[in-house]
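Going by mature numbering (1 follows the signal peptide of the UniProt record, and there is no 0), the letters in the sequence shown line up with residues -27 to -1, 1 to 83, in that order.
Note that CB positions come from ideal geometry on N, CA and C, so glycine has one too.
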Amino acid sequence: MANKSVSPPSVLLAILVLVSLTISTSASTWQSCRNGECMIAAAEEEEEEFGMESEITRRILATSQYISYEALKRNSVPCSRRGASYYNCQAGGQANPYQRGCSAITRCRS
């Protein structure tokens, strides 16, 4: 079977066509985004995202979970008591109160 090779002028022509299309597309985009108009359009799209009635949007807006300001403080430790749980920072509270039972699989020693 004969090996057909692509001629260098046709490759060069294809590259020039692609470059000219890319430049014309980016130029038209640049012209439509002058004077901050694109920024306004992007902000409007963002508003529309949460303005739509959908199950996902409803769930996002209905969540009440938040990070407290105490958690955001720099160099702060949630619970300074050694071995205490972060959620139960009281004296005598174990960090991990769950204990597995002893079985043949775990090979625990008593």
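For Y39, the three-state secondary structure derived from DSSP is coil.
When the beta-carbon positions are compared, C62 and R54 come within less than 8 Å of each other.
Distances from the alpha-carbon of Y42 to those of A35, V(-9), P51 put P51 closest.
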